[in-house]
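Reading through the C-alpha cells given below for one structure.
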Amino acid sequence: MLDQPAWSIASQLPLSVTGLCFNAGDTVLIDRLDLEVSHQGVTVLMGPNGAGKSLLVRLLHGLIQPQSGSIMWNGKRCSPATRLHQAMVFQKPVLLRRSVAANIDFVLGLKGRATLARRDELLMQANLSDKASQPARALSGGEQQRLALARALASNPEVLFLDEPTASLDPSSTQAIETAIGAASERGVKVILVTHDAGQARRLATDVVFIHRGSVAEHCSADVFFQQPASAVARDYLAGKLVI
Amino acid sequence: MIMQDFAEAFRLAFGLVAAMDADLIEIIGLSLRVSLAAVFVAAVLGMPLGALLATVRFPGRGVAVIVINALMGLPPVVVGLLVYMALSNAGPLGFLQFLYTPAAMIVAQSILITPIVAALTRQVIEDMNFEYAEQFASLSVPWHTRIAALISDARYALATVLLAGFGRAIAEVGAVIIVGGNIAHLTRVMTTAIALETSKGDLALALALGIVLLVLALAVNAAVMSLRASAQSSAHA
Ligand SMILES: Nc1ncnc2c1ncn2[C@@H]1O[C@H](COP(=O)(O)OP(=O)(O)OP(=O)(O)O)[C@@H](O)[C@H]1O
Ligand SMILES: [Mg+2]
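Taken in order, these protein sequences are the chains called A and B.
Residue 96 is where the first sequence starts when you use my numbering, and the numbers rise one by one after that.
Residue 76 is where the second sequence starts when you use my numbering, and the numbers rise one by one after that.
So this is what it looks like as C-alpha cells:
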C-alpha cells in the first residue's frame, strides 16, 4: 500500500462541533448542533430525509459557512487548510467529462503524485481496470459510485465523507463499496458515512449519530444504537415508523 | 429570355468552380485567411474573457456580461464605420496604414466576433462550472487548474462556439467592404465580390462565389453536428 495516511503524525482529529447553526432565510436547518467524533473507525450519520445530514457534512467539510457555532478539527478551525486532508463523495457524484482513468489522474495530479502504478492500483481496487479508457459518464450508476470513491481515495485523505454512497445500488455493488470503505478505515482513514441502510450501518459503524431536525438526537456506539436506542425518534426510525 | 440568362449564369458559375478559376481561388483564399485570422484573434481574446466572466466574481461582472451579450448583435456596417474612422489617416490608428488592407478586415471581423465567442464561451463554461464547483471546492483545486479543466472538458462545445464565430465572419459583408474597399487582388473577398459583381451585372462570378459560400456554410453546420455527435458518443454532453 502506497502513501499511508499520516494522521498518527498530523492528525486532524478529533472533530469537535459546538453550537452549530445554519439557516436559510428564516428556516433553521442546523439547530445548535453539538458533536464529538474520535479518530477511530466509521462514524455513521443516520436520520430521516431532510434532517440535515448532507448539510452537516458540507459544513464539516467547509464547503458552506455556518451562521454561528464552531467546527474544530483537532483544535484547528475548519478552513480550506483542513479541507486539504479530507475528501468527499457527494450524494450525487460529479464525474468529469473525461475517461475513467483521467478522472483519477486529475486528483493524483493535484497532489503532484500522478503515477501510473497508483492509478492502476486504485482502478483495480474499484474493479474498473477494464473500463479505464471509457468515458466516466457512460458508466453505470454503481460503477460511477465506485469511481467517485476511488477518486476520493486518490487524494489520500485522513478524513473521508461519504454521502449515501450505495443508495440505489445492487447488493454486489454495495458490497464492493463497503469492502473499500472497510479497507480504507483499516488503513486509518476516518470515515464519516451518511446512510439510510440500517444493515450497512450495522456492518460498518463504530458509532452512530442520529440527526433529527438539524440537531443530534442521539450519539452512541453502534451496539448500543441498534440494541437499545435511547431516543424515541431513533427507535421509531429503526422500527420503520414515519419520523418527521 | 430572363430564364435563359439565369440558366446561363448558373452554367458559367459551375464552370468557374469546376475549372478552379484563378480569380475565384484567390478570392476564396483571402476570405478564408481573413476570417480564420479573425477567429484566431477572437479565440485568443474572447475565450479567456468568457472563462473569466464565468468563473470569477468581481464587482461589475453583471454589467460586463450584459454588455458582452449586447455586443453580440453589433451591426457590421457600424463596426466597419468605426474601424474606418480609427484607421483613416486622421484617425488615432491611422499611422498603422491598415486601411484598405486585409489587416483592416481582420480587425473589423475580430471586433465583430470576439463578443460572440466571449458571450457563448461564458455561457458554456458557467453551466459546467455550476455543476463542477462543489466538487472542485472539495478537492481544493486551484483557480487556474479549474479554468484549464473547464475549458478542456468543454472543448466540444467551445469548438462549436468558434465555428459559430467563423460562420458569422465569413458571411459578413458590411464591415469588410467599408474597411477593405473590395480592391481586386488585394482586399476582395467572397461577400464583397458578390455585392460588387452583382451590381456590375457579372452574375456568373457572383453566383460561383455564392455557391462556394453556401457550401462553406453547410460544411460549418456539418462540422457542428458531427462535433455534437462525437461529444454525445463520448458522454461529453
Ligand atoms: N443551501 C440550502 N439552502 C436552503 N435550504 C437548504 C439548503 N441545503 C439544504 N437545504 C434544506 O435543508 C434541509 C436538509 O437538507 P439535507 O440535504 O441536509 O437533508 P438530508 O438529511 O441529507 O436528507 P436526505 O436523507 O433526503 O438526503 C432540507 O429541507 C433542504 O431543503
Ligand atoms: Mg442527503
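Positions of the beta carbon are idealized from the N, C-alpha and C atoms, including for glycine.
Run through the DSSP bridge pairs and tell me what E313 (chain A) is partnered with. Against the first sequence, residue 313 (chain A) aligns to sequence position 218. The partner list for E313 (chain A) (beta bridge, DSSP) reads A:F305.
Quick one: measure Cβ to Cβ for I166 (chain A) and L150 (chain A), integer angstroms, because I've assumed they're closer than 8 Å. In the first sequence, counting from the first residue as 1, residue 166 (chain A) sits at position 71. In the first sequence, counting from the first residue as 1, residue 150 (chain A) sits at position 55. Between I166 (chain A) and L150 (chain A) the beta-carbon gap is near 13 Å, outside 8 Å, which marks them as no contact.
DSSP-derived helix/strand/coil call for F185 (chain A): Within the first sequence, residue 185 (chain A) is the residue found at index 90, counting from 1. The three-state reading of DSSP puts F185 (chain A) in coil, since its state is none of H, G, I, E or B.
Suppose the cutoff is 7 Å on Cβ atoms and the five residues either side in sequence are ignored; what does the same chain contact list for A322 (chain B) look like? This structure gives no information on residue 322 (chain B), because the portion of chain B shown stretches from 76 to 312.
Neighbourhood of A278 (chain A) by C-beta, 8 Å cutoff - its chain only, sequence neighbours within 5 removed: Position 183 of the first sequence, counted from the start, is the residue given in the question as residue 278 (chain A). Within the same chain, A278 (chain A) has close Cβ partners Q220.
Which one or two residues does DSSP pair with M141 (chain A) in a beta bridge? Translated into the one-based positions of the first sequence, residue 141 (chain A) becomes position 46. Within the DSSP secondary-structure output, M141 (chain A) pairs in a beta bridge with A:F305.
What residues are listed by DSSP as bridge partners for S110 (chain B)? If you number the second sequence from 1, residue 110 (chain B) lands on position 35. According to DSSP, S110 (chain B) bridges with nothing at all.
So, at 8 Å on beta carbons, what are the nonlocal neighbours of D98 (chain A) in its own chain, with the 5 sequence-adjacent residues on each side left out? Position 3 of the first sequence, counting from 1, holds the residue named residue 98 (chain A). Note that D98 (chain A) scores a pLDDT of 48, beneath 50, so its modelled location is shaky; the value from the coordinates is reported in the next line. In chain order, R208, R213, N251 place their CB closer than 8 Å to the CB of D98 (chain A), counting only its own chain and leaving out the 5 sequence neighbours on each side.
In terms of residue numbering, what span does the alpha helix (DSSP H) encompassing R178 (chain A) cover? Looking up residue 178 (chain A) in the first sequence gives position 83. Run containing R178 (chain A): 175-178, per the alpha helix (DSSP H) assignment.
If we cut at 8 Å on Cβ distances, does V202 (chain A) have a partner in chain B? If you number the first sequence from 1, residue 202 (chain A) lands on position 107. Closer than 8 Å: yes.
Beta-carbon contacts of G145 (chain A) that lie in its chain and below 6 Å, excluding the five residues immediately before and after: Indexing the first sequence from 1 puts residue 145 (chain A) at position 50. Here G145 (chain A) has no same chain residue with a Cβ atom under 6 Å from its own Cβ, once five neighbours each way along the sequence are excluded.
Can a CB atom of chain B be found closer than 8 Å to the CB of Q250 (chain A)? To locate residue 250 (chain A), count along the first sequence from 1; it is residue 155. For the record, residue 250 (chain A) in the displayed sequence is Ser; it is not Gln. Answer yes: the Cβ-Cβ gap between S250 (chain A) and chain B drops below 8 Å somewhere.
Could you check whether the Cβ of F117 (chain A) sits closer than 8 Å to any Cβ belonging to chain B? For the purposes of this step, residue 117 (chain A) is taken as the residue at position 22 of the first sequence. Using a CB distance cut-off of 8 Å, F117 (chain A) does not count as an interface residue toward chain B.
By C-beta, the residues closer than 5 Å to any heavy atom of ligand 1, given in chain order: So the residues near ligand 1 by this Cβ test are A:A119, A:L124, A:N144, A:G145, A:A146, A:G147, A:K148, A:S149, A:L150.
Along the chain, where does the beta strand (DSSP E) that runs through D96 (chain B) open and close? The residue given as residue 96 (chain B) occupies position 21 in the second sequence. It is not in any beta strand (DSSP E) - D96 (chain B) carries neither H nor E in the DSSP assignment.
May I ask you to verify whether the stretch 181-190 of chain B touches the stretch 144-163 of chain B, counting CB pairs closer than 8 Å and requiring at least 3? Here the stretch 181-190 of chain B makes contact with the stretch 144-163 of chain B; the two share three or more CB pairs at distances below 8 Å.
Report the CB separation of F305 (chain A) from M141 (chain A) in whole angstroms; it is logged as a contact under 8 Å. As a working mapping, residue 305 (chain A) is identified with position 210 in the first sequence. As a working mapping, residue 141 (chain A) is identified with position 46 in the first sequence. Right, the Cβ-Cβ distance comes to about 5 Å (below 8 Å), so this counts as a contact.
Limits of the unbroken alpha helix (DSSP H) element including V285 (chain A): As a working mapping, residue 285 (chain A) is identified with position 190 in the first sequence. One detail in the question is off: residue 285 (chain A) reads as Lys in this sequence, not Val. Careful: K285 (chain A) lies outside any alpha helix (DSSP H), inside the beta strand (DSSP E) at 285-289.
How is K171 (chain A) classed by DSSP in three states: helix, strand or coil? Locating residue 171 (chain A) in the first sequence gives position 76, where the first residue counts as 1. Strand, per DSSP.
If you measure between the beta carbons of L218 (chain A) and A247 (chain A), is that distance less than 8 Å? By one-based count along the first sequence, residue 218 (chain A) stands at place 123. By one-based count along the first sequence, residue 247 (chain A) stands at place 152. In this structure, A247 (chain A) does not lie closer than 8 Å to L218 (chain A) by Cβ.
Terminal residues of the continuous beta strand (DSSP E) containing F133 (chain B)? Working through the second sequence from its first residue, we reach residue 133 (chain B) at position 58. No beta strand (DSSP E) contains F133 (chain B), which DSSP labels as neither H nor E.
What would DSSP say about E209 (chain B), mapped onto helix, strand or coil? Within the second sequence, the letter at position 134 stands for residue 209 (chain B). In the displayed model, E209 (chain B) falls within a helix according to three-state DSSP.
Just to make sure I have the definition right: I need the residues of chain B whose C-beta is within less than 8 Å of the C-beta of P175 (chain A). Which are they? Taking the first residue of the first sequence as position 1, residue 175 (chain A) is located at position 80. Under the 8 Å cutoff, chain B gives S215.
Are the C-beta atoms of L389 (chain A) and some chain B residue less than 8 Å apart? This structure cannot settle anything about residue 389 (chain A), because the visible part of chain A is limited to 96 through 339.
Residue from A:A197, A:R241, A:E253, A:K336 whose Cα sits closest to the Cα of H180 (chain A): Residue 180 (chain A) sits at position 85 when you count from the first residue of the first sequence. The shortest C-alpha separation from H180 (chain A) is found at A:E253.
Output, in chain order, the set of chain B residues within a Cβ distance shorter than 8 Å of V189 (chain A). Here residue 189 (chain A) corresponds to residue number 94 of the first sequence, with the count starting at 1. Within chain B, the residues near V189 (chain A) are E206, Y207, E209, Q210.
Can you give the Cα-Cα distance for T210 (chain A) and I199 (chain A), rounded to whole angstroms? Numbered from 1 along the first sequence, position 115 holds the residue referred to as residue 210 (chain A). Numbered from 1 along the first sequence, position 104 holds the residue referred to as residue 199 (chain A). Put simply, the backbone Cα of T210 (chain A) is about 10 Å away from that of I199 (chain A).
Taking contact to mean at least 3 C-beta pairs separated by less than 8 Å, is the stretch 225-235 of chain A in contact with the stretch 255-262 of chain A? Counting C-beta pairs closer than 8 Å gives fewer than three between the stretch 225-235 of chain A and the stretch 255-262 of chain A, which falls short of the contact rule.
Where the alpha helix (DSSP H) through F346 (chain A) begins and ends: No answer is possible for residue 346 (chain A): it lies beyond the span of chain A, which begins at 96 and ends at 339.
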